[in-house]
C-alpha cells in the first residue's frame, strides 16, 4: 500500500514542481526589463570658435510651442544630413568662449533609427496641476542626501538638473539658452547641492523629526562648460526644437555624490505601470525638493506627454524609471528623459496644455554619453 501511495504521489509532485517552475519563469519573464537598444555612434568631426555670446536673454522656466502630439507625428523623417545638423552642438566655456562642433553619425540604419509607431494618447487637462496636487515635498537629510533624491540639483538660472556622472549634470537646454541667445547667468552658471544648514554634532543626528525637519541650504559649484545641441538652437522650440531641449553641464571638480545613469527611453507600454518619476525644485515651494510620479498619456518618438503635477523650476529634471537589468541581475534606475516643462499647443485653434518630457532616443543617448565619457566605446549599451 505504501509503495502504491508513493507511486500515486509522484505524478502529483512532478506536476506541482513543474507548475512552480513555470510560475517562477513567468514572474522572471514579466519583470519590467531594460530593453537592449541599438545605439549608433555620434562623433565630433570639426570644431570652430565662434564670437563670444552676449548673455542677454532672460531665463524662461516654461517652453511654448504650437505643435502638439498629432502635429509631431505628421513630420517627415529627417534626412541623414539633417540629423547631423541637429546633433551638432555648441560648447560654452566658463571664460565666455564659445565653439561649434559638427558631428558624424555611424552604424545607423535609417529605416529603423528615427520614428516608430507609438500608441496614441487619451484625454488632456488644462492646468499644470491636474486635479488634486499629487506632488510630495521631500524633507529631512535622511531622504534628501540619499539616492535617488540626492541626484537632483538646482541651477542658478532657476531650473533643476540631475547628476549623471561624477562631474556632469543633465538639464533642459532652455535653462541656459532661449533658442537665440544664452541666458543671463549662463557664463557664471552654478549648480546647487542641498546640505544641512548647520553641522549637527549631537548623537542621533541622522534622525530628523518630521514635525521639525532640519533646515537645508545650497552649496554651489561652478560649471566648467555647457553643451547645447544645434537642434535646440536652430529650432527655438518651434517644429523640431523642443525635441532637442536638453543640455549637459560639466563641473569644475567632482561632486562626490552617487549619480544616476542615462538610458534609452523604452516605449510607454514597456514602462513599469506606464509611469515615470522625477524630482525638481518647483518655484511654488521655495527650497523644497518635490517628487512626483504619473502615467504617460501620449508619446511621440521624441517626446513623452503626461499629467505629472509640476510648476516652473522643475524643468530640467531627469525623468527616470526603475527596471530589471538582465545582464547584472538587479533592479536599476536610469534617466530616460528630461522634463521640459509646461507647454501650450494650438489644436485646430483650441488651446490645450501638456507637461512634456524629452525622450532620450538612441541618437541622443550616443551624443550625451559621448559628452560624458569622451569616447564611443563606453556608449554602446543603451
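Residue numbers (mature numbering (1 follows the signal peptide of the UniProt record, and there is no 0)): -25 to -1, 1 to 357. Note that the Cβ used here is the ideal one computed from N, Cα and C, for glycine as well. Quantities reported herein were computed from a predicted structural model and do not represent experimental measurements.
Exercise. Leaving out five residues before and five after residue 307 in sequence, what residues of the same chain have Cβ atoms less than 6 Å from its Cβ?
Worked result: 300
Problem set entry | C-alpha gap between residue 117 and residue 315, whole angstroms | 29 Å
Exercise. Using the rule of at least 16 other Cβ atoms within 10 Å of the residue's Cβ for burial, across every protein chain shown, is residue 195 buried or exposed?
Worked result: exposed
For this session: Rounded to whole angstroms, what's the CA-CA distance from residue 242 to residue 225? Just pull it up for me.
Result: 29 Å
Problem set entry | Sequence-distant residues of its chain with Cβ nearer than 6 Å to residue 163 (five each side left out) | none
For this session: Select from 79, 80, 64 and 81 the residue whose C-alpha is nearest the C-alpha of residue 73.
Result: 64
Exercise. Among 250, 290 and 218, which one has its Cα closest to the Cα of residue 43?
Worked result: 218
Exercise. Out of curiosity, what's the CA-to-CA distance linking residue 120 and residue 159?
Worked result: 30 Å
Exercise. Which first and last residues belong to the alpha helix (DSSP H) in which residue 117 is found?
Worked result: 116 to 119
Problem set entry | Contact check, residue 335 vs residue 240, beta carbons under 8 Å | yes
Problem set entry | Reduced DSSP secondary structure (H/G/I, E/B, other) of residue 125 | helix
For this session: For the alpha helix (DSSP H) holding residue 61, just list the boundary residues, first then last.
Result: 55 to 62
For this session: Take the Cβ of residue 20 as the centre, count every other Cβ of all protein chains shown within 10 Å, and call the residue buried at 16 or more, exposed below.
Result: exposed
Exercise. Is the distance from the Cβ of residue 251 to the Cβ of residue 265 below 8 Å?
Worked result: no
Problem set entry | Residue from 281, 35 and 236 with nearest C-alpha to residue 258 | 35
Problem set entry | residue 164 at chain C interface by Cβ criterion, 8 Å | Among the chains of the structure shown, chain C does not appear; only one protein chain is present.
Exercise. Can you round the beta-carbon distance between residue 127 and residue 292 to whole angstroms, since I take them to be within the 8 Å contact cut?
Worked result: 7 Å
Exercise. In chain order, what residues of the same chain have a beta carbon less than 7 Å from the beta carbon of residue 82, not counting five sequence neighbours either side?
Worked result: 15 and 16
Exercise. For residue 227, which option in 338, 58 and 142 has the closest C-alpha, if you only look at C-alpha atoms?
Worked result: 142
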